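According to full-length UniProt numbering, the residues represented by the sequence shown are 1 to 252, in order.
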Amino acid sequence: MLKGSNQSGESSQQSLPAANLLEMTQVPVADMTSTPSRKEPIFLADDAMYSKEHFLIPNHYIDYVDSVLIPQGLISDRIEKLAQDIRAAYQGQTIHLLCVLKGGSAFFHALIEKLRMFHKYNTCEYVPFTFDFIKVKSYDGLHSTGNVQVSGADLTKFKGKHLLLVEDIIDTGKTMAKLVPYLHESEPASVKVASLLEKRNPESCGFLGNFVGFSIPDKFVIGCCLDYNEIFRDLDHICIINSAGIAKWAHH
1 MLKGSNQSGE SSQQSLPAAN LLEMTQVPVA DMTSTPSRKE PIFLADDAMY SKEHFLIPNH
61 YIDYVDSVLI PQGLISDRIE KLAQDIRAAY QGQTIHLLCV LKGGSAFFHA LIEKLRMFHK
121 YNTCEYVPFT FDFIKVKSYD GLHSTGNVQV SGADLTKFKG KHLLLVEDII DTGKTMAKLV
181 PYLHESEPAS VKVASLLEKR NPESCGFLGN FVGFSIPDKF VIGCCLDYNE IFRDLDHICI
241 INSAGIAKWA HH
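Structure, rendered in structure tokens:
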């Protein structure tokens, strides 16, 4: 089974200004010695996998899936709890969510839905939020390019505001470790990271998110907007790709 990295933030469904493109090869790496207001994610053991035969997987994907790592229902329930934790952490403040496209979009929209649900039914506490989008590219296929490119929102408008980056997966952590200090240059009140997944990658730089759904083994995962060369984003469950899938879509 392949061990590797997932790509995220390749491109957007909406037009984002190319003028904001910045290659952050010289941005200092964030200090990972402490992660304030972090609750530990659900730990999925290295062998914590389900047979794909127990779940509904589209016929055009079934032959390329090794196993199911996180079923759709568990993903939804975990995001609901993350939304509650985020609300509790930002009492009396407006949250400015910054979605990392494309991979972070499914988690982002699910998180927004849960936050709106809490707004609807909680009459005592209101934590307002706004959102924007950013594109971050650091992967080519399976591997990191070593550089990080950013395009999208005008970050100067976030000065003095509380930013929450919403990402699909923290893999090596190198993308976030460069992106977070870059965002701090715009002088926001705070920058925190919410990620659905955090991979136990031996090549990790040590970066940890503030709000994380699951700690997963060092496997290449697909589904729930996680892709392999733009394939599998529409798969509902988070799954592990097999060698046949890697070979078939290697040059897509």
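Positions of the beta carbon are idealized from the N, C-alpha and C atoms, including for glycine.
All figures in this text were calculated on a predicted structure; none of them were measured in a lab.
Looking at the DSSP output, F43 shares a beta bridge with S215. If you check the CB distance, L165 and V191 come in under 8 Å.
Contact between V65 and N242 is confirmed by a C-beta separation of about 6 Å, below the 8 Å threshold. Contact between the stretch 195-207 and the stretch 120-134 is absent: fewer than three C-beta pairs spanning the two stretches fall below 8 Å. Our two residues, G160 and G152, have alpha carbons roughly 19 Å apart in a direct line. Around the beta carbon of Y228, a 10 Å sphere encloses 16 or more other beta carbons of the protein chains shown; the residue is thus reported as buried.
The continuous alpha helix (DSSP H) containing A88 extends over residues Q72 to A89.
Exclusion of the five residues before and after I42 leaves R78, G213, F214 and S215 as the residues of its chain whose Cβ lies within less than 8 Å of its Cβ. When the beta-carbon positions are compared, Q91 and H162 stay at least 8 Å from each other.
DSSP places V180 in the helix class (H, G or I) of the three-state scheme.
Around the beta-carbon of S105, 16 or more other beta-carbon atoms lie within 10 Å, marking it buried.
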